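Structure record follows, encoded as structure tokens.
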Amino acid sequence: RSFFDQFLEPQRTAVLGEVIELLRPSLCDTNGVWTADHIRLRFFAERVA
């Protein structure tokens, strides 16, 4: 299930377009190639008695 499923057309297209334009400066290079952005989180949990 996609995040965008909650929107009906034409709002879905408008929201998707806005997301693309917000991300373009940081995730799209000058050749139009997009880079997937991700961060791996690692943590340690300890139960305190």
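When you line the sequence shown up against the working numbering, it's residues 373 to 421, in that order. For each residue, glycine too, the CB sits at the ideal point set by N, CA and C. For clarity, every value in this text was computed on a predicted model and none was experimentally measured.
Just how far apart, CA to CA, sit residue i and residue j?
i    : j    : result
I411 : A417 : 19 angstroms
F376 : E390 : 12 angstroms
C400 : F415 : 30 angstroms
I392 : R419 : 42 angstroms
W406 : P397 : 10 angstroms
L380 : N403 : 32 angstroms
Going by C-alpha to C-alpha distance, which of the options sits closest to residue i?
i    : options          : result
D409 : T402, F375, L395 : L395
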